Amino acid sequence: MTATPFTLPTATTTRFVLLIGLSALTAIYLASPVSQTGPMQLECAVAADRQAVTNRAAQVVSAYLTCDRDVHRWSALFDVVVIALFLLVVVLLHNAAPAITSRRQHLLPLPVATYPEASARVERLIAEAGLQGRVTILVNPHDDGDSGRAFGRFGSRRVRLSFGLIRRYPESEPELNAVMRHELAHVRNRDLNITGLTLASWWTFALAVTAMLVFIVTRPLRELPGRAIPLLLTLAIAFLTTVAIARVREHYADVRAAEANLAAGDPAFPPNAVDLANADSRWVRSWRRMLLWHPTVQFRKRVVDDPAWLLRPNLLDMFLTGVTSALTFPYLTVFAADLLGDEGRSAYLLAGTIQGPLVAAVAGTSLWRGALRARESGLPVPSGIGSGMALAAGLYTGLLSLLFTIDGNLAQLLVRDVRLGVVAALLLMVICIAFCRWNAVTATAWLGVSARPRLPLAAAVLVGGLLFGTLFANWYAAAGGLPAEISLPFLQLIYQTVSGLAGFSTLMALVLALLLPLAARLRRPLEEHTLSMVSRGAVVVPVGCVVILTTGGTLLLPEGLNAWLTRLLQPLAPVFAGEAHAAGWSAVIATGTAALVAGFATALVVGRSNRSGLGPVYGLLTSYLVGMTLPLVFTVRATIILCGRSAPLCAPDSLAGYLGALAFLHGAMALTAGTVGTLAGSGIGALLRTTRRRPVQDPVSGTTDVQNFRRDRRSGATVLGAAGVLAVTLVLVLAGGHTWLQVNGVTAPSQIKGTPVFTEVTAPAPTHRTPLRQSCEWIYRRDANMGLGSAYDRYLLDISLAATGSDSRGLDALGRSLLDSLHQGDLVGRERGRIAVSNLCIIWLRYFSQGGTGSAA
């Protein structure tokens with residue numbers, strides 16, 4: 015596979031999508047004063063106060079959530095309309111631009127009758143490019159130079175030539191050939207719509223920002239920093255991204271035109287070629303090149319002489335991508351909250367899931383192209399460390415620039431607490447470096463075995479984007495609400511970010527990310543995959559033993575294997591004795607333990623007996639099969655018993671949801687624990703190979719096996735270290751109690767009540783009421799430390815007591831409803847109460863931050 019700039023896709027399309035997203039989502043922010051969402055949400059909060067006088071607490075919760083959901087739906091519809099209008103203006107401007115350009119420059123059709131030779135040469139060049147009948151040639155009668163420009167709209171492609179090129183033909187034939195091939199290369203590279211839409215979005219966004227700045231000038235002076243500074247920074251980033259896209263497309267057009275020139279026997283870059291965008295060709299300082307729409311002549315010639323230069327990772331692009339993503343994320347989170355009707359962590363996760371693949375498409379594509387260049391030229395493969403640091407620096411810079419914006423609490427916190435700011439930056443850098451390093455490793459694995467690298471690149475963009483997006487969302491959500499008053503906030507930040515791995519979306523993306531580079535080994539020749547009988551047995555024996563033992567225990571034990579495991583577990587781990595779902599916990603731990611042992615044994619046996627590197631692959635396969643056998647048997651037994659009692663669980667919808675939740679939870683646990691065991695087994699297997707086989711001299715070639723010996727030793731130590739890190743992470747996640755799915759009660763059907771908790775706690779007496787603002791500030795800080803399992807139940811109790819102690823009748827009613835749900839073990843009711851309390855406090859705090867005073871009482 016020959017490495018060319020066109021072997022793998024470029025990142026300009028993704029950067030264009032990020033630019034459009036930044037502009038469109040900022041347009042929502044610009045139009046927010048028109049939506050009246052804030053006053054409508056405040057009206058819902060006031061209505062909750064009024065209804066609390068005559069209605070029961072549960073009715074107040076239901077009415078408030080209905081009102082709040084309607085407001086979110088209206089806000090989401092308004093956001094969609096604003097985005098649609100912005101995109102419509104961009105498309106209309108893009109379609110109108112060619113006609114405006116033609117009229118403003120008085121362009122005329124190519125005078126075929128007057129200049130037949132030049133016209134015939136132009137047609138031959140069009141045919142040479144394979145674009146017959148697809149390009150319209152126009153002439154600028156007022157330009158006697160040697161220049162041209164390709165432009166157009168959807169379904170229309172035009173090339174403008176200066177009149178001097180046509181009038182002086184055939185003397186100007188070398189210049190005409192160079193100009194035409196370059197402009198036709200833009201058409202062949204499909205640059206016209208991307209660059210045209212980029213320019214149209216820039217001008218639309220610039221006009222919208224200008225109008226908003228004019229509006230801000232008429233507002234009070236205190237609103238100026240909060241609105242003007244981020245808008246000006248966003249405008250600057252949009253401009254830099256726009257010109258960067260234009261410059262890169264010029265380079266690709268030069269390379270494509272150079273191929274056509276060489277095929278025709280002409281110089282790749284004609285010596286007398288001129289810079290099409292700049293009148294002079296003097297070298298421009300590096301920092302000034304960022305502001306040029308076209309690269310300089312010297313730089314363009316350098317790229318034509320060495321096209322592989324376009325394959326190098328660009329740290330500046332990484333930095334700008336990070337800044338663009340950080341500026342976009344708060345607006346995307348608000349949009350996601352409107353779609354979901356929830357302003358909690360789920361909105362951050364949805365925003366990260368959307369934005370992560372876009373960031374991965376830029377960063378991942380850049381590193382894959384760098385790995386391709388290194389593979390062809392024999393240079394070292396990019397490590398991804400520099401790219402990760404540049405991406406993290408861009409993200410952190412963009413976040414700090416939001417100091418005065420709608421989501422400036424994160425930036426203010428990072429600036430106020432130096433230790434937390436440093437640790438947050440280091441944690442973000444670890445996430446970014448790990449993500450870029452993973453892309454470099456995955457690219458190296460797949461480029462050596464795949465003849466069509468675009469497919470594994472697409473998979474890497476999707477999987478890596480989901481993992482990066484959810485990790486960044488967990489980091490953002492954890493850091494965004496941490497109060498500086500809590501002890502050791504930086505440790506809490508690390509714990510909450512890492513505990514986000516308990517979420518199904520993050521956990522599945524992590525496992526798939528581990529599998530993707532390993533799957534490249536399966537593409538090797540078939541003879542490298544031959545397994546011995548011992549290796550086959552390492553897969554079959556664990557699965558068969560678990561199937562026999564699980565089925566036999568379930569049939570022979572009177573109460574079933576799950577109940578027996580629960581009684582066995584509680585004395586060994588008393589911390590789980592008080593959990594609401596002890597039986598569910600025992601099944602999960604049994605799944606994880608069996609998967610870990612099976613993955614360890616299979617990876618160890620296969621790794622020692624076979625050098626194809628398939629030990630991790632078969633280890634994870636065995637872990638998954640073993641892990642899913644246990645819940646399958648448990649579920650079949652429970653379903654038969656419950657259906658025999660005509661329980662509501664036998665309804666098709668309930669049964670499907672129950673089975674799906676169990677599969678998600680146990681599948682995630684099996685793969686995660688299996689990954690720990692597989693890494694440990696692979697590492698020990700590699701180290702055992704170094705002790706079993708000493709480096710000896712080959713009698714035929716005279717070479718030694720020292721290289722393989724050292725590689726086994728290094729790889730063994732590396733995977734053992736990775737196993738240890740992942741094991742510590744898994745313990746950290748499980749130490750708090752339930753995983754994310756268990757916290758939300760999906761391990762048990764919604765028709766079955768949870769265990770009542772805190773029945774001895776009652777609401778405080780209405781003698782000493784706390785002001786609404788003080789109560790909501792405390793609840794907001796407590797929301798940043800929800801915890802897991804029993805700690806999560808304690809968090810619910812704390813916010814319910816804080817709400818019932820408020821002087822707001824509405825907040826008091828919501829808190830009492832939440833406390834009643836805890837007393838009754840109502841899993842659905844307590845989640846509704848939590849959402850209601852948190853959302854109501856966010857609304858009131860937003861009202862107070864805008865200068866509102868008084869109490870809701």
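With the numbering used here as the guide, the letters of the sequence shown map in order to residues 15 to 871. The beta-carbon is built from N, C-alpha and C at its ideal position, and this holds for glycine as well. Keep in mind that this is a model prediction, so the values were computed, not measured.
key: Other residues of its chain near valine 103: CB distance less than 7 Å, five sequence neighbours each side excluded   = In the sequence shown, residue 103 corresponds to position 89, counting from 1. Correct list, in chain order: Thr218.
ask   = With C-beta atoms as the reference, is valine 223 less than 7 Å away from leucine 245?
value = Taking the first residue of the sequence shown as 1, we reach residue 223 at position 209. Taking the first residue of the sequence shown as 1, we reach residue 245 at position 231. In contact: valine 223 and leucine 245 (Cβ atoms closer than 7 Å).
inquiry  = Suppose you measure from the CA of arginine 172 to the CA of alanine 340; what does that come to, to the nearest Å?
reply    = For the purposes of this step, residue 172 is taken as the residue at position 158 of the sequence shown. For the purposes of this step, residue 340 is taken as the residue at position 326 of the sequence shown. So the two alpha carbons sit approximately 37 Å from each other.
key: Rounded separation between glycine 366 and alanine 374 - CA only   = In the sequence shown, counting from the first residue as 1, residue 366 sits at position 352. In the sequence shown, counting from the first residue as 1, residue 374 sits at position 360. Rounded to whole angstroms, glycine 366 to alanine 374 spans 11 Å at the Cα level.
ask   = Among Glu845, Ala459, Val851, Ala242, which residue has its Cα nearest to the Cα of serine 820?
value = As a first step, residue 820 must be located in the sequence shown, where it is residue number 806. Cα-wise, what sits closest to serine 820 is Val851.
Beta bridge counterpart(s) of isoleucine 151 as assigned by DSSP = Residue numbering aside, residue 151 sits at position 137 when the sequence shown is read from its first letter. In the DSSP output, where bridge partners are listed per residue, isoleucine 151 has Val173.
ask   = By Cβ distance below 7 Å, which residues in the same chain neighbour alanine 361 in space, the five residues on each side in sequence not counted?
value = For the purposes of this step, residue 361 is identified with residue 347 of the sequence shown, where counting begins at 1. These residues qualify, in order along the chain: Thr347, Ala350, Ala351, Leu354.
key: Reduced DSSP category for glycine 691 - H, G, I as helix; E, B as strand; rest coil   = In the sequence shown, counting from the first residue as 1, residue 691 sits at position 677. If DSSP states are grouped into helix, strand and coil, glycine 691 belongs with the helices.
task = Put serine 161 into one of helix, strand or coil per three-state DSSP.
result = To locate residue 161, count along the sequence shown from 1; it is residue 147. In this structure, serine 161 counts as coil in the three-state DSSP scheme.
task = Could you please give the first and the last residue of the uninterrupted alpha helix (DSSP H) stretch that includes glutamine 65?
result = The residue labelled residue 65 in the question sits at position 51 within the sequence shown. Here the alpha helix (DSSP H) through glutamine 65 covers 51-68.
Assigned exposure category for threonine 520 - 16 Cβ within 10 Å defines buried = Here residue 520 is taken as the residue at index 506 of the sequence shown, counted from 1. Looking at its Cβ environment, which holds 16 or more other Cβ atoms inside 10 Å, threonine 520 is buried.
query = What does a CB cutoff of less than 6 Å around lysine 315 pick up in its chain, not counting 5 residues either side in sequence?
reply = Numbered from its first residue, the sequence shown carries residue 315 at position 301. Contacts found: Phe283.
key: Buried/exposed call for aspartate 158, threshold 16 Cβ in 10 Å   = To locate residue 158, count along the sequence shown from 1; it is residue 144. Under this definition aspartate 158 is an exposed residue.
key: C-alpha distance - alanine 783 paired with threonine 335, whole-angstrom precision   = Within the sequence shown, the letter at position 769 stands for residue 783. Within the sequence shown, the letter at position 321 stands for residue 335. As written in the sequence, residue 783 is arginine, which differs from the alanine given in the question. Those two C-alpha atoms are separated by around 49 Å.
query = For serine 831 versus alanine 220, is the C-beta spacing smaller than 7 Å?
reply = As a first step, residue 831 is located in the sequence shown; it is residue number 817 there, counting from the start. As a first step, residue 220 is located in the sequence shown; it is residue number 206 there, counting from the start. Against a cut-off of 7 Å, the Cβ pair of alanine 220 and serine 831 comes out as no contact.
inquiry  = Under DSSP, the alpha helix (DSSP H) around alanine 132 begins and ends at which residues?
reply    = Looking up residue 132 in the sequence shown gives position 118. Unbroken alpha helix (DSSP H) run through alanine 132: 130-142.
query = Run through DSSP, which three-state label would leucine 122 get?
reply = As a position in the sequence shown, residue 122 is number 108, starting the count at 1. In this structure, leucine 122 counts as strand in the three-state DSSP scheme.
is_contact[phenylalanine 349, chain C] using C-beta, thresh 7 Å = Given the protein chain composition of this structure (a single chain), no chain C is represented.
inquiry  = Within a Cβ cutoff of 6 Å, which residues of the same chain sit near phenylalanine 20, ignoring the five residues on either side of it in sequence?
reply    = Translated into the one-based positions of the sequence shown, residue 20 becomes position 6. None.
message = In the DSSP output, which residue or residues are listed as bridge partners for threonine 784?
response = Indexing the sequence shown from 1 puts residue 784 at position 770. Bridge partners of threonine 784: Ser820.
key: Alpha-carbon to alpha-carbon, threonine 653 and glycine 829   = One-based indexing of the sequence shown puts residue 829 at position 815. One-based indexing of the sequence shown puts residue 653 at position 639. In a straight line, the C-alpha of glycine 829 is about 36 Å away from that of threonine 653.
key: Reduced DSSP secondary structure (H/G/I, E/B, other) of asparagine 292   = Here residue 292 is taken as the residue at index 278 of the sequence shown, counted from 1. With a pLDDT of only 43 at asparagine 292, under 50, the local geometry of the prediction cannot be trusted, and no value is derived from it.
inquiry  = Give me the DSSP bridge partner(s) of arginine 167.
reply    = Looking up residue 167 in the sequence shown gives position 153. DSSP output for arginine 167 lists Ser170 as bridge partner(s).
request  = Could you work out which residue in Thr51, Ala62, Gln55, Ile42 is closest to serine 822 when comparing CA atoms only?
outcome  = By 1-based counting over the sequence shown, the position of residue 822 is 808. The residue with the shortest Cα to Cα distance from serine 822 is Ala62.
Selection from His196, Gly865, Ile251, Leu198 that minimises the alpha carbon distance to serine 215 = As a position in the sequence shown, residue 215 is number 201, starting the count at 1. Taking only the C-alpha atoms, the option nearest serine 215 is Ile251.
query = Skipping 5 residues on each side, what residues in its chain have a beta carbon closer than 7 Å to that of leucine 22?
reply = Within the sequence shown, numbered from 1, the residue matching residue 22 stands at position 8. Once the five neighbours on either side are set aside, the close Cβ partners of leucine 22 are Thr379, Trp382, Arg383, Leu386, Pro467, Arg468, Leu471.
query = To the nearest angstrom, how far is it from the Cα of arginine 117 to the Cα of alanine 491?
reply = To locate residue 117, count along the sequence shown from 1; it is residue 103. To locate residue 491, count along the sequence shown from 1; it is residue 477. The straight-line gap from Cα to Cα measures roughly 52 Å.
ask   = Nearest to serine 46 by CA position, among Arg138, Val94, Thr27, Gly567, is which residue?
value = To locate residue 46, count along the sequence shown from 1; it is residue 32. For serine 46, the nearest C-alpha among the options comes from Val94.
message = Which of the three DSSP states is assigned to histidine 196 in this structure?
response = Reading the sequence shown from its first residue, position 182 is the one you call residue 196. Reduced to three states, the DSSP call for histidine 196 is helix.
inquiry  = Please list the terminal residues of the continuous alpha helix (DSSP H) segment that includes phenylalanine 862.
reply    = Residue 862 sits at position 848 when you count from the first residue of the sequence shown. That run of the alpha helix (DSSP H) goes 841-863.
query = Is it a yes or a no for the region 49-57 touching the region 399-415, going by three-plus beta-carbon pairs under 8 Å?
reply = no
ask   = With 16 as the cutoff for other CB atoms within 10 Å, does arginine 844 come out buried or exposed?
value = As a first step, residue 844 must be located in the sequence shown, where it is residue number 830. Result: buried.
query = Under the rule that 16 or more other beta-carbon atoms within 10 Å means buried, what is leucine 139, buried or exposed?
reply = The sequence position of residue 139 within the sequence shown is 125, counting from 1. With 16 or more other Cβ atoms within 10 Å, it is buried.
query = Can you tell me the Cα-Cα spacing of valine 395 and tyrosine 78, whole angstroms?
reply = Sequence index remark: in the sequence shown, residue 395 carries index 381 (1-based). Sequence index remark: in the sequence shown, residue 78 carries index 64 (1-based). Their Cα atoms are separated by approximately 57 Å.
key: Where the alpha helix (DSSP H) through arginine 316 begins and ends   = If you number the sequence shown from 1, residue 316 lands on position 302. That run of the alpha helix (DSSP H) goes 311-319.
message = Could you give the first and the last residue of the continuous alpha helix (DSSP H) run that contains leucine 354?
response = Walking along the sequence shown from the start, residue 354 turns up at place 340. 329-354 is the span of the alpha helix (DSSP H), which, as asked, contains leucine 354.
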